[in-house]
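In our numbering, the protein residues as written are 19 to 418.
Note that beta-carbon positions come from the ideal geometry of N, C-alpha and C, so glycine has one too.
Take a look at the structure below.
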Amino acid sequence: MKAPETPQNESERLQALDAYQILDTLPEREFDSITEIASFICQTPISLISLIDKDRQWFKSNLGLDAKETPREQAFCAHAINHPETPFIVEDSSLDDRFADNPLVTGDPHVRFYVGAPLVTSEGHAIGTLCVIDLVPRKLSEVQLKALRALADQVIAQLELRKKLHELELLKLKLQEKNQETERFAHLISHDLKAPLRSLVSLSELIFEESEGKLNEVAETGLMHLKSKAEHAYHLVQGILNHSISGGQSLQTEKILLAPFIEELIRFCSPPEDIHVISDVQLDQAHLDPTLLHQILQNLLSNAIKYNDKPEGIIYVRIFKNLEDVVIEIQDNGPGIPHNCKERIFIMFQTLQSIDRFGIKGTGIGLNTVKKLVELMQGSIEIDSEITEGTIFRVRLPLE
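Below is the structure:
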């Protein structure tokens with residue numbers, strides 16, 4: 019028996035094989051289908067996808083053979099990878115000095131006929147073969163050889179696809195870990211800052227009340243400016259905190275009676291006297307997450323109230339069923355949103371107006387959180403708006 023030569027690019031070849039992370043994996047239907055087709059086309063009882071490791075040949079798919087691997091020095095395929103340009107053909111192993119006394123020829127499975135189409139990566143490394151084996155001497159036609167080479171290309175294509183999917187999964191995990199770290203950091207920082215900022219807001223309000231009429235105009239303006247900045251910082255931190263909390267939430271659905279739910283929501287948002295909120299709930303109940311739903315609608319309704327610029331603000335809250343969705347609309351008669359800004363408003367820290375009707379500057383966090391929560395509930399959010407005429411935020415959520 020003649021031992022196979024070691025390819026000159028052996029180190030790079032083994033690295034290419036390891037990159038696929040395919041060795042010692044479980045059978046996969048995609049590869050088994052290829053050996054079945056190869057065996058059918060070539061009319062052989064055995065067909066293998068053989069990968070040549072450092073000291074062994076290992077079978078990713080082995081039709082007609084019980085073995086999972088064999089020593090590399092006995093492998094016909096270890097010879098084949100030295101000729102990556104063409105199929106390696108042994109018509110009768112008993113008449114071939116390289117294989118006549120090979121244990122795979124003299125013993126089980128008694129290989130007589132072998133053809134291996136090398137599996138060649140895009141970098142030119144032969145990592146194994148798609149081979150067909152028979153127990154009697156024979157030949158393949160040119161059509162069969164061409165088909166075998168084409169199937170070998172499909173093995174490489176499957177390996178590349180598998181590799182790309184694995185890389186994407188790793189990237190996804192890294193992004194998830196990075197996002198979780200960012201969310202945890204934002205939560206910790208926001209939580210630590212929230213209390214002192216709330217104290218600063220309360221202190222500035224107290225000083226303003228206690229010193230009313232006692233300060234000169236410059237001092238009073240400065241105090242008002244301090245109070246405004248403190249309130250903005252507090253709302254910014256509160257928004258980041260809500261955003262980070264929302265990232266770790268999971269769905270906890272339950273039956274919600276929608277009419278009472280909306281009534282309570284309106285009371286919670288406390289619209290001023292010049293803002294009229296009209297509810298039109300056409301659906302009795304739905305199975306949704308009440309906490310997430312409240313966060314979504316509270317943010318949308320609060321925005322409709324805060325940014326309404328009309329002497330008499332009118333807001334409609336509508337709920338109805340559309341096919342298998344619950345559709346919730348928050349419509350206002352406010353300033354409207356420019357067409358080119360409809361996507362930008364959902365981006366973190368993006369705002370359209372400097373201050374709301376109460377003189378508080380927006381943080382650009384709320385709508386980003388809303389979109390995130392809607393998507394967590396497997397829903398979608400869209401906008402219809404006309405400048406000066408108002409805006410409709412439309413949320414679609416699965417009924418079940």
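- Excluding sequence positions up to five before and after L166, its CB lies within less than 8 Å of the CB of A56, I59, C60, P105, V133, A135, L148, V150, L158, all in the same chain and listed in chain order.
- Less than 8 Å divides the Cβ of L301 from the Cβ of L276.
- Counting along the chain, no beta strand (DSSP E) covers C60; the unbroken alpha helix (DSSP H) around it starts and ends at 47-60.
- For T88, same chain residues with a beta-carbon under 6 Å away, outside a window of 5 residues either side, are Q75 in chain order.
- Three or more Cβ pairs closer than 8 Å define a contact, and the stretch 78-87 falls short of that threshold against the stretch 181-199.
- In terms of Cβ geometry, D343 and P416 form a close pair [threshold 8 Å].
- Bridge pairing for S140: absent [DSSP].
- For the stretch 88-113, the full-length alpha helix (DSSP H) segments reaching 4 residues or more read 94-98 along the chain.
- Annotation: I64 is outside any alpha helix (DSSP H); the continuous beta strand (DSSP E) that includes it extends over 64-70.
- Contact annotation, R130 with V161: C-beta distance approximately 22 Å; criterion of less than 8 Å not satisfied.
- Between the alpha carbons of S140 and P353 lies a gap of roughly 58 Å.
- As for any alpha helix (DSSP H) of minimum length 4 sitting wholly inside the stretch 290-368, the runs are 308-324, ordered along the chain.
- Using a Cβ distance threshold of 8 Å, V335 and L319 count as a contacting pair.
- F94 has its alpha-carbon roughly 15 Å from the corresponding atom of L83.
- The DSSP-derived three-state label of A135 is strand.
- Approximately 5 Å separates the beta-carbon atoms of L169 and I52; this is inside 8 Å, confirming the contact.
- Per DSSP, E282 is one residue of the alpha helix (DSSP H) stretching across 276-287.
- Assigned with DSSP and collapsed to three states, L148 falls in strand.
- If you draw a straight line from the Cα of T62 to the Cα of A175, it comes to about 24 Å.
- Residues L301 of the same chain have their beta carbon placed closer than 6 Å to that of K339, with the five preceding and five following residues left out of the count.
- At the C-beta level, D402 and R412 come within 8 Å of one another.
- Comparing alpha carbon positions, the residue from T43, E30, K72, F364 closest to L177 is T43.
- A Cβ-Cβ distance of about 17 Å is found for the pair V138 and F49, leaving them out of contact under the 8 Å criterion.
- In the structure shown, V413 falls within a strand segment according to DSSP collapsed to helix, strand and coil.
- I274 sits close to Q303, with the two beta carbons spaced by under 8 Å.
- Where L41 is concerned, there is no enclosing beta strand (DSSP E), because DSSP gives it neither an H nor an E.
- Taken atom to atom, the span from the alpha-carbon of P121 to that of Q92 is near 7 Å.
- A straight-line Cα-Cα distance of about 19 Å links H184 and L32.
- Taking E23 as the centre and dropping the five residues before and after it, the same chain places the C-beta of N100 closer than 6 Å to its C-beta, in chain order.
- Per the coordinates, the alpha-carbon of R90 lies some 18 Å from the alpha-carbon of S65.
- Counting along the chain, the unbroken alpha helix (DSSP H) around R31 starts and ends at 28-37.
- G397 carries a coil assignment under DSSP once its states are collapsed to helix, strand and coil.
- Between I323 and C359, the C-beta gap is not smaller than 8 Å, which leaves the two residues out of contact.
- H305 sits away from E282, with the two beta carbons spaced by 8 Å or more.
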